[in-house]
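Structure first, then comments.
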Amino acid sequence: MSDAVNHFTHGPLTPALAYLMSCMGSMLGLRLTAQAHASRGGTRVRWLLGAAISIGGTGIWVMHFIAMMGFDVPGTMIRYDVPLTVASAVVAIVVVGTGLFLVSYGKGRVLALLGGGLLTGLGVASMHYLGMYAMNMSAHITYDRRIVALSVVIAVVAATVALWFTLRVKRAVWITAAALVMGVAVAGMHYTGMLAMMVTPMTEPHPVAGADALDFLVPLMTVISLITLTMLLMVILSPSEKELHEDAELLARLELRRRTAQQLSYPAPVAQPTHARSRRR
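Counting along the sequence shown from 1, when you hit position 148 you're at 244 in my numbering, and nothing is skipped either side.
Structure below.
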């Protein structure tokens with residue numbers, strides 16, 4: 097890493113906000129997957145899609161670019177390639193969604209969990225480095241391959257643990273604890289990947305193409321965050337898995353009582369003895 101690079105231009109503000117957003121997105125995503133496991137058909141698919149947007153969009157992508165707000169290279173302006181930045185958001189949501197669907201419909205099998213964790217981890221790492229590649233600056237950028245490999249390993253392990261949480265965690269207190277752990281893992285992967293970056297400013301700066309972070313990233317992050325908050329309200333107003341189970345038990349008891357009452361009101365006809373029928377003849 098070049099001495100010219102500063103990852104904490106605004107002090108602890110950006111890492112703290114990034115961690116907070118990662119935890120919030122992870123927490124909502126875990127809550128949505130719990131709803132998905134208690135649902136069937138199209139409803140289950142919609143909950144999983146919401147979880148993918150929450151974890152991939154807010155928990156990972158928004159976290160990444162909030163942290164990037166604290167990244168600065170003195171002597172050069174940093175701008176962002178719009179198509180690549182949008183593509184990185186799509187990658188994050190798609191790979192997380194794929195992992196969630198694999199694990200959810202794989203019924204918790206170890207092979208499905210490991211495969212989903214590997215795919216999701218590699219996708220998250222791809223999103224991270226695609227987002228970094230989207231930065232344009234008047235400088236030469238290289239990477240330490242050993243640290244890059246370490247960040248990929250962290251991403252795969254973190255993704256596998258996160259998918260395991262989606263299968264096991266259902267209560268609010270455990271969802272909160274799991275989200276805090278996931279936030280640490282995502283932030284750890286991000287700053288490990290940033291540590292691999294080495295920046296050498298050009299002696300003769302040239303114009304930098306792309307969009308300014310305040311003009312492009314902030315509105316985009318705001319939109320994704322509003323979508324996340326909307327889904328948070330939806331899941332708060334939706335019944336929990338425990339409530340759905342209790343409702344199902346109540347309906348089953350009511351149906352049993354209805355059938356019992358119906359049988360008592362209309363008793364079955366008593367069969368006549370065989371010898372009584374033969375006398376009539």
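Glycine residues also receive a C-beta, built at the ideal position from the N, C-alpha and C atoms. Fair warning: this is a prediction, and the values are worked out from it, not measured in the lab.
- Sixteen is the threshold: when 16 or more other Cβ atoms of the shown chains lie within 10 Å of the Cβ of valine 187, as they do, the residue is buried.
- Comparing C-alpha distances from threonine 172 to each of Gly137, Val101, Thr256, Glu345 shows the shortest one belongs to Val101.
- Annotation: the continuous alpha helix (DSSP H) that includes methionine 120 extends over 109 to 133.
- Of the residues Arg267, Asp240, Val182, the one whose Cα lies closest to the Cα of methionine 294 is Asp240.
- For proline 179, the three-state secondary structure derived from DSSP is helix.
- Beta-carbon to beta-carbon, histidine 106 and glycine 166 are separated by about 5 Å, close enough to satisfy the 8 Å threshold.
- The DSSP-derived three-state label of proline 315 is helix.
- Per DSSP, the beta-bridge partners of isoleucine 237 are Val295.
- For isoleucine 156, the closest C-alpha among the options Ala273, Val265, Ala292, Gly279 is that of Gly279.
- Less than 8 Å divides the Cβ of serine 118 from the Cβ of alanine 283.
- Counting along the chain, histidine 160 sits inside the alpha helix (DSSP H) bounded by residues 159 to 164.
- Here alanine 254 has Gly217, Val220, Met278, Ala281, Val282, Gly284, Met285 as same chain residues with Cβ atoms under 8 Å from its own Cβ, once five neighbours each way along the sequence are excluded.
- Collapsing the DSSP output to three states places alanine 148 in a helix.
- Judged by pairs of C-beta atoms under 8 Å, the segment 263 to 277 touches the segment 120 to 133, as three or more such pairs exist.
- Sequence-distant Cβ neighbours of methionine 317 in its own chain, meaning closer than 8 Å and more than five residues away, are Val158, Phe161, Ile162.
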